[in-house]
Structure formats: structure tokens, C-alpha cells
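Our numbering numbers the first residue of the sequence shown as 472 and each following residue consecutively. Glycine included, every Cβ here is placed at the ideal spot set by N, Cα and C. To start, the structure under review is shown below, and the notes come after it.
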Amino acid sequence: MMSSKERFAAALSHREPDRVPIDYLASPQADAAVKKYYDINTETELLDILGSDFYYLSCRDISQNESCLPFYRGSRAKIDGERRICPFGIEWQRGAYDSKFAVDDSIQGPLKNAQSESDILEYSWPEVSEFDFSAFGSEIEANRGRVIVGGFWSGILGDCYRMMGFENFLLNIALKPDMVKTLINRMTDFYLEMNNSLFTLFKGKIDIWFFGNDFGSQSGLLFSREMIEEFFVPGIRVLSDNAKSHGLNVMMHSCGAISEVVPMFIDAGVEIIDPVQVTAVGMDPQSLKDSCGDKVTFHGGIDTQHLLPNEDAQRVYAESRRIIDIMSAGGGYIFAPSQILGGDIPAENIDAMYRAARSC
């Protein structure tokens, strides 16, 4: 039997491992439900039962959630009731969704009134010295048998448009492109410093840098191919090259219909594409595997929009097996949901999908 790290290495090098590598990503609501289903309490017990080969360090995001706050030593970030300010100065409102999902809304960015490049450069950006991630050492040690996923989300799209406001960002990318490029470059520099600090501190102990930028909608790209290449690919390449220089593999998340730009991301250094949102236009698993399955590893593909919330466990098991058969042929596939598992998914279906994976 292969170890988790051996299994991952085989899949990444497009060899078929002893079974498909398995990853588990869930909202707090789904996580609580599936632990109750198995009558367990700890994350380690759950990862063992599901057969997960991966462990995610507890802080990967600086802006979108509260996970960085225990590691932050600066003065800007704070929580005030239902509102939160992150280290970038972005103000968040706790999401007005039902209890099945944990999603906050960014409501105000500190650069919403920016008019020039100097407004970007003169802003008081967070400093790497304000963060202390030494506590990750105990997490890494406790999960040393698994593939360790770390580094920072590095949202050179998401964090930038939240700093400026989405509407302003879209207007400025057309009307003031140099200002937007200055913002993206400054954000890239920040995350380059953050990743360098973490990867140096735990040299050789983190296996994957996982970052995300949502370039797709359900039906197509949010930006033209040309805009993605001009504005965002340079930063992706810089950050990917840096991660690889520290010996890490590179996994990128992008929601939606992104099939036409997957080759662009591969060229920029991305080795693993997440989450393979199979219900989006052009994201058919067989087509993706045929077009570039020999050049990249796919991570995800088990539908969280329709299959997992609505079908019975038998159907979930069968469809999970079908996706695995397509995507894992010749290696190059990691089993995972097509988004984090939401609280609308029955625990029985989560059990069924992972039973299917363990059988392959």
C-alpha cells in the first residue's frame, strides 16, 4: 500500500497509484453533520475514516475569514459583533445566508475612492512581521503522514476587487488599467513576502501551495482571455515560480467555466486545477481529460450543486465512481468535491462519495 505522499506523487506525475488520492473540503456545517453521522469528534478521526490523504494548515486566508486572526499581531483587524475588519482593512458583514452555509460579505474596501497609483502605493498595507505562524509546527508534526497544504490564498483577483469594490474594480480595469495593475502588483508583492516567510520557516515540510482566484461564472469567463493574461497571469506566474523554488507543488482554485484558460494557467506554472465545477459550461470531465489531462492534475469534480444535495446515496456512489474512472485514468486526478461540501448535503451522501473513492 502506498503512503499518502507516494499516492499524491504518483498521481501528479501521471502514474496510476494504488487508489485515487482523496481530499476532503467542507463547510463547518457539513463537517459537523458528518462527524455526527460517524459519531466522532475530531478532525483526525474524520480524515482517517474518509481516507483523506491531505491536511490543510488552519490559516490559508488573510481576508475572507477569521482563520488568520489567532496568528495576527497587528492592530487593524478586529471583530465587532456581526462585522469584521481584516488585516487589509476590508470590512466584512457576516453573511445573511441560512445556517447551511458559512459565507461572509465584503461590504467596504479601503481603496474604494482610489483615483491614482499613488493612492495604492501610499496605503498602509499589512506587514509580514505582523503575523506569527510558528504554531503551524505542531499541526505539521501531527499530520506528517499526510500531504500538507499551506501557503496563502493569494487572491490577486478577489482581494484586489474587495479592496476597491467590485464595481469600481471592473470600471477601473477598463478606464484606469495602470492603477489596477499597480494594485495587483502590490498585492502580489505582499503575498510573495508572506509565502516566502512561511515556506522558509517550514522548509521541506509543506507539500502544496493552494491559492485561488475565481475567473469563471456558471456560463463563461468573468474577464476576457486577453484581460486575464494581461492583468492576472503575471502575478500567478511570479507566485507559482516562488512556491516551486521552495519545493512546493502549485494548486489553483477557480470556480466556473474556465476550460478555455486552463492551458494559460498551466503555462503560468499551475500543476493542479481545483475544483472542476462539472456543471459549468465546458467543464465536462471527459473533455477536460482529453484536452489537457496529460499536462495537469485535476482536483475535484464531484458535483456539489445538484448531485450531492439532491440525489440518493446509491446515485452519488455510482456517479462518483464514474467521475473517478474518467479522471483518474493514467493518473493526474485527486478525488474531491466540486466546491467545499455545503450544509445542504446529507451526511449519507458524503459517506457514499468517499466510500466510492476508497474502493477505486
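Collapsed DSSP secondary structure at residue i in the structure displayed
i, result
"residue 754", "coil"
"residue 507", "helix"
"residue 811", "coil"
"residue 422", "Because the chain in this structure spans residues 472 to 831, residue 422 falls outside the shown range and cannot be described."
"residue 771", "strand"
"residue 825", "helix"
"residue 647", "coil"
"residue 620", "strand"
"residue 476", "helix"
"residue 632", "helix"
"residue 627", "coil"
"residue 525", "strand"
"residue 513", "coil"
"residue 760", "helix"
"residue 796", "helix"
"residue 673", "coil"
"residue 830", "coil"
"residue 535", "coil"
"residue 586", "coil"
"residue 519", "helix"
"residue 488", "coil"
"residue 748", "coil"
"residue 668", "helix"
"residue 614", "coil"
Buried or exposed by the 16-neighbour rule on C-beta atoms within 10 Å, applied to residue i
i, result
"residue 637", "exposed"
"residue 779", "buried"
"residue 816", "buried"
"residue 507", "exposed"
"residue 820", "buried"
"residue 789", "exposed"
"residue 609", "exposed"
"residue 742", "buried"
"residue 727", "buried"
"residue 472", "exposed"
"residue 777", "exposed"
"residue 804", "buried"
"residue 642", "exposed"
"residue 691", "exposed"
"residue 799", "buried"
"residue 718", "exposed"
"residue 545", "exposed"
"residue 548", "buried"
"residue 578", "exposed"
"residue 592", "exposed"
"residue 585", "buried"
"residue 606", "exposed"
"residue 674", "exposed"
"residue 764", "buried"
"residue 541", "exposed"
"residue 760", "buried"
"residue 483", "buried"
"residue 785", "exposed"
"residue 494", "buried"
Cβ-Cβ separation, residue j to residue i (assumed contact under 8 Å), whole Å
i, j, result
"residue 686", "residue 628", "7 Å"
"residue 649", "residue 588", "6 Å"
"residue 757", "residue 797", "5 Å"
"residue 624", "residue 532", "5 Å"
"residue 767", "residue 733", "7 Å"
"residue 522", "residue 828", "7 Å"
"residue 770", "residue 745", "4 Å"
"residue 563", "residue 657", "Rounded, the Cβ-Cβ distance is 21 Å, inconsistent with contact."
"residue 485", "residue 801", "6 Å"
"residue 725", "residue 683", "7 Å"
DSSP beta-bridge partners of residue i
i, result
"residue 732", "Looking at the DSSP assignment, residue 732 forms no beta bridge with any residue, so it has no partner."
"residue 722", "681 and 743"
"residue 497", "812"
"residue 563", "555 and 577"
"residue 692", "687"
"residue 550", "555"
"residue 543", "602"
"residue 805", "770"
Residue i CB to nearest heavy atom of the ligand COA below 8 Å
i, result
"residue 741", "Among the components modelled here there is no ligand, and therefore nothing to report on the ligand COA."
Residue i at chain D interface by Cβ criterion, 9 Å
i, result
"residue 715", "In the displayed structure, chain D is absent; only one protein chain is listed."
Given 8 Å, three or more beta-carbon pairs between the region 500-517 and the region 688-700: no
Cβ pair count under 8 Å reaching 3, the region 651-664 against the region 512-519: no
At least 3 beta-carbon pairs within less than 8 Å: the region 704-711 vs the region 604-620: By the Cβ test, the region 704-711 is not in contact with the region 604-620, since fewer than three Cβ pairs between them sit closer than 8 Å.
Inter-stretch contact (C-beta, 8 Å, three-pair minimum) for the region 614-624 and the region 525-543: yes
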